Amino acid sequence: MKSSRLYRYSNRKNRYSTILVVLLFLHFIVNLVPLVAPINVTAVMLNQTTANITWMYPIDPSNDEDLSLLGGYIKGFYVIVFAPNSLQPPIVHRNYKGTIGQMYWDIVGNLTPGTTYHAQVKAFTKKGDGKPSTAYIFTPPKEDFRKFVLILINITNLSYLTFQK
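In C-alpha cells form, the structure reads like this:
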C-alpha cells in the first residue's frame with residue numbers, strides 16, 4: 001500500500017467501500033517522534049548571565065516529501081543548556097515561539113560568567129522527543145563586554161573631538 005492513494009476493498013456482501021489511506025497515514029505520523037534535529041543553533045550573549053539561543057527547524061510541513069520526516073505535529077522545542085565540566089544542573093526550557101522554516105529563539109538566564117556551556121535543541125510531539133541538535137558551545141564573558149564597547153565609543157568620540165579644529 002502506498003500512502004495518499006485511494007484503495008477499494010469488498011466485504012463479504014460484495015459492497016465496495018472507499019478507504020482513505022491518507023487518514024491512516026496522518027494518524028500514523030501523529031503518533032511518531034520528530035526524525036530531524038534542529039539546525040543552526042547559536043547563542044548571543046545579552047549580558048554576562050543571559051543568552052539568546054536561536055535555531056531553525058529545517059522541515060516544511062507543506063512539502064509532501066518533508067511531511068514524513070516531521071514525525072507528527074510539532075508541539076514545541078526543548079532548549080537544553082548545560083555545563084559539562086560543572087555540577088550545575090542543566091537549564092531546560094519548553095519553547096513554543098517561531099514558525100517552521102523561520103528562526104526560533106529562547107532567552108536563557110542564570111548563566112555563570114566564565115563557564116563553558118553547551119546549547120542543544122530538540123523538537124517534541126505528543127509521542128516524545130526528537131533528535132537533539134549538534135551542541136553549540138559558548139562561554140559567557142567574565143567581564144561585562146558592554147563596558148568595553150562604551151569605553152571604545154567614548155575614546156573614539158574623544159579622539160574625534162580632539163583632532164577637530
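Residue numbers for the sequence shown follow the UniProt record's numbering, so the first one is 1 and each next one is one higher. By construction, the Cβ of each residue, glycine as well, lies at the ideal position given by its N, Cα and C atoms. Keep in mind that this is a model prediction, so the values were computed, not measured.
Cutoff 6 Å; reference residue i; Cβ partners in own chain excluding five residues on either side
| i | result |
| --- | --- |
| Ala135 | His118, Gln120 |
| Ile80 | Pro90, Val92, Gln120 |
| Leu24 | Note that Leu24 scores 46 on pLDDT, short of 50, meaning its location in the model is unreliable; the coordinates nonetheless yield the value given after this. Excluding positions up to five away in sequence, the list is empty. |
| Lys142 | Pro113, Gly114 |
Buried/exposed call for residue i, threshold 16 Cβ in 10 Å
| i | result |
| --- | --- |
| Tyr73 | exposed |
| Gly130 | buried |
| Tyr104 | buried |
| His27 | Its pLDDT being 49, under 50, His27 is placed unreliably by the model, and the measurement read from it follows with that caveat. Exposed is the call here. |
| Val22 | With a pLDDT of only 47 at Val22, under 50, the local geometry of the prediction cannot be trusted, and the value read off the model is given with reservation. That one is exposed. |
| Tyr96 | exposed |
| Ile107 | exposed |
Bridge-paired residues (DSSP) for residue i
| i | result |
| --- | --- |
| Val108 | Ala51 |
| Lys95 | First, the residue type needs correcting, since residue 95 is Asn and not Lys in the sequence shown. Note: Asn95 sits in a beta bridge opposite Phe77. |
| Ala119 | Val81, Tyr136 |
| Asp129 | Phe124 |
First through last residue of the beta strand (DSSP E) which encompasses residue i
| i | result |
| --- | --- |
| Ile137 | 136-138 |
| Gln88 | Per DSSP, Gln88 belongs to no beta strand (DSSP E) and is neither H nor E. |
| Asn40 | 39-45 |
Cβ neighbours of residue i in the same chain (closer than 7 Å, five flanking residues each side left out)
| i | result |
| --- | --- |
| Arg94 | Gly76, Tyr78 |
| Ser133 | Ala37, Pro38, Ile39, Val41, Trp55, Gln120, Val121, Lys122 |
| Val33 | Gly71, Thr125, Lys127, Gly128, Asp129, Gly130 |
| Pro58 | Val36, Ile39 |
Close beta carbons around residue i, own chain, < 8 Å, minus the five adjacent residues each side
| i | result |
| --- | --- |
| Phe138 | Ala43, Met45, Ala51, Thr116, Tyr117, Ala119 |
| Thr49 | Gly109, Asn110, Leu111, Thr112, Pro113, Pro140 |
| Ser86 | Thr112, Thr115 |
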